[in-house]
Amino acid sequence: MRADTIAAISTAMSNSGIGIIRISGAQSFEVADRIYRSKNGQKKLSKQKSHTIHYGYIVDGEEMIDEVLVMLMRGPHSFTAEDTVEINCHGGVLAMKKVLETVIKYGARPAEPGEFTKRAFLNGRLDLSQAEAVMDIIQAKNQYALKSSLGQLKGSVLKPMKELRSEILYQLAFIESALDDPEHISLEGYPQKLMEQTRQWERKVTELIDSFENGRIVKEGINTVIVGKPNAGKSSLLNVLVGEERAIVTDIAGTTRDTLEEHISISGISLNIIDTAGIRSTEDIVEKIGVEKAKEKAEDADLIIYVVDSSTELDENDDAIMEMLRGKRAIVLLNKTDLKMVTTEETLRNRIEHPVIAISAKEQTGITDLEEALKEMFFHGDLSFNDEVYITNVRQKQALEETRESLQQVENSIEMEMPEDFYSIDLMSAYESLGKITGESVGDDLVNEIFSKFCMGK
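Under my numbering, the first residue of the sequence shown carries the number 90, and numbering increases by one thereafter.
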């Protein structure tokens, strides 16, 4: 446990009803005593019980800084596992800064970004996967990301890592014991048993690695690209989904020349949505660049929304777009259904395997059906957000990939009938790679790098 005492504003730096200044460290109560005055001036916070709240004032000598409520939490029963004081003051930016300046003047130092959570990790209050989940909760963009992050905070990632490490450690201990005492512990038939066990571990690790793509979508949102021919109503659709006029809409084909990006939420599902230039053959140099960019964005998208103008016939440009959608996750929107329809839903369904929904961006009809299609895709399709463990962190995924490589090396050694001590080398490597996820096998530099990305006051 570190000896110095840190402090920071833990609420947003904006005018609000309440602001919180958090103090953590061995001298938290002593610092609070120097600046706190009760209503009768007799109370010392250091003499009060843990997990109590006290009304009074923050003062700098004879100057009153603010009227406050002060919460006391003695370690290890606090977020950081250290003595912690939280000052609830008025939420004005100036008021919060003045209270913080007073706290620092009387013995604390400014906290670094993420230092409270870092102390929780260093003091054994959280493992590294739980610490990273804290920031994911703060940054959650939708209810599924929040649910996943809360699960990680409760140990959904920690539990399988601990189980795998425990099982690997048992096999390491068995091998070492057998090599040290071959007279009493036999390794006869052991390589075959270890092979079966290692393959089970590899399957578990592979399942976690495979969960990363869905986990990324849960955390970051669905990278969605709107494509279609010029004047099909792509920009009108974007404006409807966003709820304001973000894209320029005219009757002139080719108005959109570049991509326009927005983040929206539909029924709790986050879409990082990109409106692109209309896809068609063109000699216009600027428009041609926009068309190429649209194709590039569609290639990397998690979901493509293909907008078709129902008032016109399909042509070679539609053929090109349909070919582009082959093998992709996509929804087809038959737009302008408020006009006389030339292209029908049946026509499209006969030519394309993706869901087809009739809409009118102008009349704002069919949008509910789009929402239902997205929910159907999430809950019953390839993306199933239930209580499974999802890996949402690139660092964790890399550690799992290293683990799988080490396990595959163990299998290779067994197949090549190598001596048993070769198994130990790669099993230990797998054990340490899993420890990188929980923080049991990471260096100080990596810890500092991880927590430097946290927000101030957390």
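Yeah, the Cβ is synthetic: ideal placement off N, Cα and C, and Gly gets one too. Fair warning: this is a prediction, and the values are worked out from it, not measured in the lab.
| Query | Result |
| --- | --- |
| Beta-carbon gap between Ile95 and Arg208 smaller than 9 Å | yes |
| Inter-stretch contact (C-beta, 8 Å, three-pair minimum) for the stretch 176-187 and the stretch 107-115 | yes |
| Tyr395 (DSSP reduced to helix, strand or coil) | strand |
| Nearest neighbour of Arg418, chosen from Gly203, Ala390 and Gln497 [CA to CA] | Ala390 |
| CB of Val536 within 9 Å of CB of Leu217, strictly | yes |
| His443 vs Tyr512 beta-carbon contact at 9 Å | no |
| Proximal residues to Ala336 (C-beta, below 6 Å), its chain only, five neighbours per side dropped | The predicted position of Ala336 is uncertain, since its pLDDT is 40 and thus under 50; a value taken from the coordinates is nonetheless stated next. The answer, listed in chain order, is Ser324, Leu327, Asn328, Leu349 and Asp364. |
| Best match in Gly317, Lys138, Lys425 and Asp93 for proximity to Glu381 [C-alpha to C-alpha] | Gly317 |
| Beta-carbon contacts of Leu330 that lie in its chain and below 6 Å, excluding the five residues immediately before and after | Ile353 |
| Residue range of the unbroken beta strand (DSSP E) whose run includes Arg123 | Not the beta strand (DSSP E): Arg123 falls in the alpha helix (DSSP H), residues Ser117 to Ile124. |
| Per DSSP, the bridge partner or partners of Tyr144 | Leu158 |
| Cβ contact (3+ pairs, closer than 8 Å) linking the stretch 151-160 and the stretch 197-216 | no |
| Residue from Phe118, Ala97 and Gly322 with nearest C-alpha to Val182 | Ala97 |
| Contact set for Ile264: own chain, Cβ-Cβ below 7 Å, skip 5 residues either direction | Glu509, Tyr512 and Ser513 |
| C-alpha distance - Leu496 paired with Leu158, whole-angstrom precision | 55 Å |
| 7 Å Cβ shell around Leu360 - same chain, five flanking residues per side excluded | Gly310, Ile311, Thr313 and Ile353 |
| Glu351 versus Asn320, Pro319 and Ile315, residue with shortest Cα-Cα distance | Ile315 |
| Own chain residues within Cβ distance below 8 Å of Glu538, not counting five before or after | none |
| Given Glu119 as reference, the closest of Lys187, Tyr195 and Glu256 once Cα atoms are compared | Tyr195 |
| Residue of Lys293, Tyr479, Ser99 and Glu291 minimising C-alpha distance to Ser113 | Ser99 |
| Same chain, Cβ closer than 7 Å to Leu437, five either side skipped, listed in chain order | Val397, Val421, Leu423 and Val445 |
| When Ser139, Val188, Lys187 and Lys186 are compared against Gly164, the one with the closest alpha-carbon | Ser139 |
| Whether Gly145 touches Lys133 by CB criterion (9 Å) | no |
| Given Lys186 as reference, the closest of Glu465, Ala101 and Gly528 once Cα atoms are compared | Ala101 |
| Cα-Cα separation, Glu252 to Gln219 | 16 Å |
| Cβ pair Lys308, Thr481 closer than 9 Å | yes |
| Segment limits, alpha helix (DSSP H) that includes Leu330 | Lys323 to Val331 |
| Backbone CA spacing between Ala184 and Lys547 [nearest angstrom] | 20 Å |
| For Thr94, three-class secondary structure by DSSP | coil |
| Straight-line Cα distance separating Gln487 from Leu276 | 33 Å |
| As assigned by DSSP and simplified to three states, the class of Thr432 | coil |
| Proximity below 9 Å, CB of Ala447 to CB of Glu434 | yes |
| Buried or exposed by the 16-neighbour rule on C-beta atoms within 10 Å, applied to Leu258 | exposed |
| Glu388 burial status per 10 Å Cβ neighbour count (16 or more: buried) | exposed |
| Span of the beta strand (DSSP E), counted from its first residue to its last, around Thr313 | Ile311 to Gly317 |
| Classification of Asp408 by the beta-carbon crowding that lies within 10 angstroms, buried from 16 upward | exposed |
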